[in-house]
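For reference, the structure discussed in these notes is given below.
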Amino acid sequence: MGNRTIKVETLTRVEGEGGLYIRLNGEAVDEVRLEIYEPPRLFEALLRGRPLEDVPDITARICGICPVAYQMSSVHALEAALEVTVSPEIRRLRRLLYCGEWIESHGLHMHLLHAPDFLGFDSGLEMAKQFPEEVNRGLRLKKHGNQLVDMLGGRAIHPINVCVGGFYRLPTRKEVQKLIPDFEWGLNAAIETTRWVASFDFPDFESPDCEYISLSHPDEYPMNAGVMKTSSGDTIDVANYEAEFEELQVPHSTALHAIRKSTGRPYLLGPLARINLNRDRLSPSAQKLADEIKLEPVCCNPHKAIIARGLEIIHAYEEALMILRDQPLKGKSRESYEYQAGKGMSATEAPRGTLFHRYIVDKDGKIVEASIVPPTSQNQAQIEADLKQWISHVISKDERETARKCENLVRAYDPCISCSTHFLNVKIERT
Amino acid sequence: MGKPKLGVFKFASCDGCQLSLLDAEDQLLAVAEVIDIVHFPEASSRLESGPYDIALIEGSITTPHDAERIQQIRRDSKFLMTIGACATAGGIQALRNGADTTEFMQAVYATPEYIQVLDQSTAIAEHVKVDFELRGCPINQYQLIEVIQSLLAGRTPRTPKHSVCLDCKRRGTVCVTVAQGIACLGPVTQSGCDAICPSYHRGCYGCYGPAAQPNLVSLSTQTLKAGDSPAEAAHRLQNFNVSAPAFHQESQRLTDQAREQN
Numbered sequence: 001m002g003n004r005t006i007k008v009e010t011l012t013r014v015e016g017e018g019g020l021y022i023r024l025n026g027e028a029v030d031e032v033r034l035e036i037y038e039p040p041r042l043f044e045a046l047l048r049g050r051p052l053e054d055v056p057d058i059t060a061r062i063c064g065i066c067p068v069a070y071q072m073s074s075v076h077a078l079e080a081a082l083e084v085t086v087s088p089e090i091r092r093l094r095r096l097l098y099c100g101e102w103i104e105s106h107g108l109h110m111h112l113l114h115a116p117d118f119l120g121f122d123s124g125l126e127m128a129k130q131f132p133e134e135v136n137r138g139l140r141l142k143k144h145g146n147q148l149v150d151m152l153g154g155r156a157i158h159p160i161n162v163c164v165g166g167f168y169r170l171p172t173r174k175e176v177q178k179l180i181p182d183f184e185w186g187l188n189a190a191i192e193t194t195r196w197v198a199s200f201d202f203p204d205f206e207s208p209d210c211e212y213i214s215l216s217h218p219d220e221y222p223m224n225a226g227v228m229k230t231s232s233g234d235t236i237d238v239a240n241y242e243a244e245f246e247e248l249q250v251p252h253s254t255a256l257h258a259i260r261k262s263t264g265r266p267y268l269l270g271p272l273a274r275i276n277l278n279r280d281r282l283s284p285s286a287q288k289l290a291d292e293i294k295l296e297p298v299c300c301n302p303h304k305a306i307i308a309r310g311l312e313i314i315h316a317y318e319e320a321l322m323i324l325r326d327q328p329l330k331g332k333s334r335e336s337y338e339y340q341a342g343k344g345m346s347a348t349e350a351p352r353g354t355l356f357h358r359y360i361v362d363k364d365g366k367i368v369e370a371s372i373v374p375p376t377s378q379n380q381a382q383i384e385a386d387l388k389q390w391i392s393h394v395i396s397k398d399e400r401e402t403a404r405k406c407e408n409l410v411r412a413y414d415p416c417i418s419c420s421t422h423f424l425n426v427k428i429e430r431t
Numbered sequence: 001m002g003k004p005k006l007g008v009f010k011f012a013s014c015d016g017c018q019l020s021l022l023d024a025e026d027q028l029l030a031v032a033e034v035i036d037i038v039h040f041p042e043a044s045s046r047l048e049s050g051p052y053d054i055a056l057i058e059g060s061i062t063t064p065h066d067a068e069r070i071q072q073i074r075r076d077s078k079f080l081m082t083i084g085a086c087a088t089a090g091g092i093q094a095l096r097n098g099a100d101t102t103e104f105m106q107a108v109y110a111t112p113e114y115i116q117v118l119d120q121s122t123a124i125a126e127h128v129k130v131d132f133e134l135r136g137c138p139i140n141q142y143q144l145i146e147v148i149q150s151l152l153a154g155r156t157p158r159t160p161k162h163s164v165c166l167d168c169k170r171r172g173t174v175c176v177t178v179a180q181g182i183a184c185l186g187p188v189t190q191s192g193c194d195a196i197c198p199s200y201h202r203g204c205y206g207c208y209g210p211a212a213q214p215n216l217v218s219l220s221t222q223t224l225k226a227g228d229s230p231a232e233a234a235h236r237l238q239n240f241n242v243s244a245p246a247f248h249q250e251s252q253r254l255t256d257q258a259r260e261q262n
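Residue numbers (the UniProt record's numbering), protein chains in the order written: chain A, 1 to 431; chain B, 1 to 262.
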């Protein structure tokens, strides 16, 4: 076999538009390119000069699948700039909102986008004909996530209730309690779903020497606060984020490639990284199930991210139930603040991994500079690195089959391409 | 006759509007029974080329390649419908239309020449004939299902054109402007969201774009009287539907007024 190329023009079952280009020389891989041709929307430039109150509404529009993550990272970063501390009640409600987004986004990815790869279908809708019970259960879980974001956020896509300092209004006791019966059903359904996906036939493939990174918190499963931990044993304060990581522009993609400065190597964020680093802080049911299905203490098989998503859905249900059942909400819906010039940074755990925001604001509350580093652009270099290894496992004369197996691996990371097409502070150019 | 063929296509956008179809969890499998979804990259690896009976278009045109791509989709589609503020009004990314796109690109990319973008973010209707527009940022999934149902039944899709104010009355929400002095775009914004924001104690920020015959000058006069500067009043119209003609025109007028004052 001489030189040949394999091209997937449109990556399907991912959010946004991208393609895949692989160049082989015999059995050797010459080049792998995850090509993100999603048009850039230049959010960081659009935000300049706007009042800081606009930021959560505008950054939500970066992604329709994980708007809560953009709202959470932005309000935390702006509160840091304004030196505002929110009450424990508001903090708890923000975690509740995040639980809704994890359930909705992971539910969508597991059932409609990823499971079809393991069972040989083109889509979740087609899979529903043979697996009606599983797909219907998945749709119901996804709906619960949407209902929760809808209740607390005002609507499921681009919520309207989040603001700097807290919420425009607190939910009523009645609105909160209404969700409890569905969530009790959902917790058990999530356990069944996770058992189901754990029974899939997983390819025997481990990502070699992959460094996993996520937020970590002494008492909580990481969601909206903590320091960054790495599987190599480092601890990084979020304030040092930009000193530790570097984004590079590559010619074939509108999204950035991120590496760790100290190692010069890519890294992986997301559910597998979170579970690998924080398994002991998962909720009791999720921990119990992880043990029951014998998930490796450090799981390096990217295809198993679907199991990690299932465990996180269980966790989200259990934590959401705890908050929903809690005592009536009291106190102010939001903290007031005075404008002051400053700089604030924050990272929270979007469904696909750590999402970093940094803002500089002026004394009149206007945005001077914004920097947003989404998880998919950070994962992109690791996805390409894993693909290079994976190709040697799946190379065959049937190019369609090889392309399909490569696509399967890319989908395992749930790359959200809509989110990934913007960055700031590029320092090195690579061609 | 076989099932009608549906194609879903995306341009510059956040994916939220096409997600509305997948978020119609209770109706999703029923829709898939009566319509053949033959091209929907976000949901299926089966990608068929046209012709399509119905094409749903999300996102705005921002690159030379996309300006070409929409022409082919139009040729392939019997009924072409745009969904969401990006497709119907250029979206939030149209904020760059009045600015220097080259400067924006330089602010975001180290090597902007790797990426080709147009100076403007434009609505689909500025490029091809559009048969129906469904507004919203994001669209309302119930409206989407109603439009698909009406197409299948052979009737013209209907979505309300009245303002958000009427929906506040229906919901029994006390007017946030009258009672609390909160600035609100409800009087000039098309309904469709079910007037969510006022029910959460905040003013409408115009996700669905201008209502039919909106009296924008009258609303601006009121907000200026209440203490807004012209720049603030202009700014309020400059978000997700900044390029919708009525919002654009009034925000320009207010911006000019602000300039004169300085």
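Heads up, the beta-carbon is just placed ideally off N, CA and C, and yes, glycines get one too. Quick caveat: nothing in here was measured; it's all calculated off a predicted structure.
Which of the three DSSP states, helix, strand or coil, is assigned to aspartate 122 of chain A?
As a position in the first sequence, residue 122 of chain A is number 122, starting the count at 1. Of the three classes helix, strand and coil, the one that applies to aspartate 122 of chain A here is coil, per DSSP.
Could you confirm whether any beta carbon from chain B is found closer than 8 Å to the beta carbon of cysteine 63 of chain A?
As a working note, residue 63 of chain A is residue 63 in the first sequence. It does: the Cβ of cysteine 63 of chain A has a partner Cβ on chain B nearer than 8 Å.
For chain A, is any of its Cβ atoms less than 8 Å away from the one on leucine 29 of chain B?
What you label residue 29 of chain B is simply residue 29 of the second sequence in a count that begins at 1. Yes, contact with chain A.
Does the beta carbon of glutamate 42 of chain B come closer than 8 Å to any beta carbon on chain A?
Taking the second sequence and counting its residues from 1, one reaches residue 42 of chain B at position 42. Closer than 8 Å: yes.
Can the beta-carbon of serine 121 of chain B be found less than 8 Å from the beta-carbon of valine 164 of chain B?
Indexing the second sequence from 1 puts residue 121 of chain B at position 121. Indexing the second sequence from 1 puts residue 164 of chain B at position 164. Contact: no.
How far does the alpha helix (DSSP H) with threonine 59 of chain A in it extend, from its first residue to its last?
Working through the first sequence from its first residue, we reach residue 59 of chain A at position 59. Looking at the DSSP string, the run of the alpha helix (DSSP H) that includes threonine 59 of chain A is 55-60.
Distance check for isoleucine 70 of chain B and threonine 172 of chain A, CA to CA, integer angstroms please.
Stepping through the first sequence from its first residue, residue 172 of chain A is reached at position 172. Stepping through the second sequence from its first residue, residue 70 of chain B is reached at position 70. The straight-line gap from Cα to Cα measures roughly 46 Å.
Beta-carbon spacing of residue 435 of chain A, glycine 138 of chain A below 8 Å:
This structure cannot speak to residue 435 of chain A, because chain A is shown only from 1 to 431.
Pairing CB atoms from the segment 275-289 of chain A with CB atoms from the segment 240-249 of chain A, are three or more of them under 8 Å?
no
Threonine 88 of chain B at chain A interface by Cβ criterion, 8 Å:
To locate residue 88 of chain B, count along the second sequence from 1; it is residue 88. So no, threonine 88 of chain B is outside the interface.
Report yes or no: is there a C-beta of chain B within less than 8 Å of the C-beta of aspartate 398 of chain A?
As a working mapping, residue 398 of chain A is identified with position 398 in the first sequence. By this cut-off, aspartate 398 of chain A is not an interface position.
Give, in chain order, every unbroken run of the alpha helix (DSSP H) that is at least 4 residues long and sits entirely within the segment 205-289 of chain A.
As far as the segment 205-289 of chain A is concerned, its whole alpha helix (DSSP H) runs of at least 4 residues are 241-244, 271-278.
Hey, how far is the Cα of serine 214 of chain A from the Cα of leucine 272 of chain A?
By one-based count along the first sequence, residue 214 of chain A stands at place 214. By one-based count along the first sequence, residue 272 of chain A stands at place 272. Distance between the alpha carbons of serine 214 of chain A and leucine 272 of chain A is about 9 Å.
Using DSSP with H/G/I as helix, E/B as strand and the rest coil, what is valine 130 of chain B?
Within the second sequence, the letter at position 130 stands for residue 130 of chain B. Here valine 130 of chain B sits in coil by DSSP.
Could you check the C-alpha separation between glycine 28 of chain B and lysine 142 of chain A for me, to the nearest Å?
Translated into the one-based positions of the second sequence, residue 28 of chain B becomes position 28. Translated into the one-based positions of the first sequence, residue 142 of chain A becomes position 142. It should be pointed out that residue 28 of chain B corresponds to leucine in this sequence rather than to glycine. C-alpha separation (whole angstroms): 12 Å.
Taking tyrosine 142 of chain B as part of the alpha helix (DSSP H), name the residues at either end of that continuous run.
Counted from its first residue, the second sequence places residue 142 of chain B at position 142. Segment 141-152, the alpha helix (DSSP H) holding tyrosine 142 of chain B.
With a threshold of 16 other CB atoms inside 10 Å of the CB of arginine 325 of chain A, please say whether the residue is buried or exposed.
For the purposes of this step, residue 325 of chain A is identified with residue 325 of the first sequence, where counting begins at 1. Burial call: exposed.
Closer than 8 Å to chain B by CB, histidine 422 of chain A
As a first step, residue 422 of chain A is located in the first sequence; it is residue number 422 there, counting from the start. Low confidence applies here, because histidine 422 of chain A scores a pLDDT of 37, under 50, leaving its location unreliable; read the following figure in that light. Closer than 8 Å to some Cβ of chain B, the Cβ of histidine 422 of chain A qualifies, so yes.
Using only the alpha-carbon positions, how far apart do glycine 7 of chain B and leucine 56 of chain B sit?
As a position in the second sequence, residue 7 of chain B is number 7, starting the count at 1. As a position in the second sequence, residue 56 of chain B is number 56, starting the count at 1. If you take the alpha carbons of glycine 7 of chain B and leucine 56 of chain B, they lie about 6 Å apart.
Going straight from the alpha carbon of leucine 47 of chain A to that of isoleucine 36 of chain A, what length do you get?
Counted from its first residue, the first sequence places residue 47 of chain A at position 47. Counted from its first residue, the first sequence places residue 36 of chain A at position 36. If I take the Cα positions, the gap works out to 23 Å.
Would you identify the three-state DSSP class for glycine 16 of chain B, choosing helix, strand or coil?
Translated into positions along the second sequence, residue 16 of chain B becomes position 16. Note: glycine 16 of chain B maps to helix in three-state DSSP.
Taking its Cβ as the centre, do 16 or more other Cβ atoms sit within 10 Å of aspartate 117 of chain A, making it buried, or is it exposed?
Within the first sequence, residue 117 of chain A is the residue found at index 117, counting from 1. Per the 10 Å Cβ criterion, buried.
Find the residues of chain A that neighbour threonine 173 of chain B, judging by a C-beta separation of less than 7 Å, and give them in chain order.
Working through the second sequence from its first residue, we reach residue 173 of chain B at position 173. Per Cβ cutoff of 7 Å: no residues; threonine 173 of chain B is ~12 Å from chain A at best.
Since glutamate 15 of chain A meets chain B, which of its residues come closer than 7 Å, beta carbon to beta carbon?
Within the first sequence, numbered from 1, the residue matching residue 15 of chain A stands at position 15. Under the 7 Å cutoff, chain B gives Asp15, Glu42.
Is the CB-CB distance between glutamate 58 of chain B and isoleucine 83 of chain B below 8 Å?
Residue mapping note: residue 58 of chain B aligns to position 58 of the second sequence, counting from 1. Residue mapping note: residue 83 of chain B aligns to position 83 of the second sequence, counting from 1. Their beta carbons are under 8 Å apart, which means glutamate 58 of chain B touches isoleucine 83 of chain B by this criterion.
How many whole angstroms separate the CB atoms of proline 76 of chain B and proline 51 of chain B, which I take to be in contact at a CB cut-off of 8 Å?
Working through the second sequence from its first residue, we reach residue 76 of chain B at position 76. Working through the second sequence from its first residue, we reach residue 51 of chain B at position 51. What sits at residue 76 of chain B in the sequence shown is aspartate, not proline. About 5 Å; that satisfies the 8 Å criterion.
Please name the residue, chosen from A/Gly342, A/Thr194, A/Asp414, A/Tyr212, that lies closest to glutamate 292 of chain A on a Cα-to-Cα basis.
For the purposes of this step, residue 292 of chain A is taken as residue 292 along the first sequence, with counting starting at 1. Taking only the C-alpha atoms, the option nearest glutamate 292 of chain A is A/Thr194.
Consider the Cβ of glutamate 48 of chain B: report whether some Cβ of chain A lies at a distance smaller than 8 Å.
Taking the first residue of the second sequence as position 1, residue 48 of chain B is located at position 48. Closer than 8 Å: no.
Are the segment 202-218 of chain A and the segment 293-305 of chain A in contact at 8 Å, needing three or more beta carbon pairs?
With contact defined as three or more Cβ pairs closer than 8 Å, the segment 202-218 of chain A and the segment 293-305 of chain A are in contact.
If you scan the segment 46-123 of chain B from start to end, which runs of the beta strand (DSSP E) of 3 or more residues do you find wholly inside it?
52-58, 77-83
Who are the neighbours of tyrosine 168 of chain A on chain B, taking C-beta pairs under 7 Å?
Here residue 168 of chain A refers to the residue found at position 168 when the first sequence is read from its first residue. Neighbours of tyrosine 168 of chain A on chain B, chain order: Tyr200, His201, Arg202.
Hey, alanine 211 of chain B and cysteine 168 of chain B are a contact pair by Cβ (cut 8 Å); roughly how many whole angstroms apart?
Along the second sequence, read from residue 1 onward, the residue named residue 211 of chain B stands at position 211. Along the second sequence, read from residue 1 onward, the residue named residue 168 of chain B stands at position 168. No, alanine 211 of chain B and cysteine 168 of chain B are not in contact; Cβ-Cβ is about 13 Å, not under 8 Å.
So the candidates are A/Gln389, A/His357, A/Ile417, A/Ile323; which of them puts its Cα closest to the Cα of alanine 80 of chain A?
Looking up residue 80 of chain A in the first sequence gives position 80. The shortest C-alpha separation from alanine 80 of chain A is found at A/His357.
Which whole-angstrom value describes the C-beta separation of phenylalanine 240 of chain B and cysteine 137 of chain B, a residue pair presumed to lie in contact below a C-beta threshold of 8 Å?
As a first step, residue 240 of chain B is located in the second sequence; it is residue number 240 there, counting from the start. As a first step, residue 137 of chain B is located in the second sequence; it is residue number 137 there, counting from the start. Contact flag correct, Cβ pair sits at about 4 Å.
Which chain A residues sit within Cβ distance under 9 Å of valine 164 of chain B?
For this step, residue 164 of chain B is matched to residue 164 along the second sequence. Per Cβ cutoff of 9 Å: no residues; valine 164 of chain B is ~12 Å from chain A at best.
According to the neighbour-count rule (16 or more other Cβ atoms, all chains shown, within 10 Å of its Cβ), is arginine 4 of chain A buried or exposed?
Start at 1 with the first residue of the first sequence, and residue 4 of chain A comes out as number 4. Arginine 4 of chain A comes out exposed.
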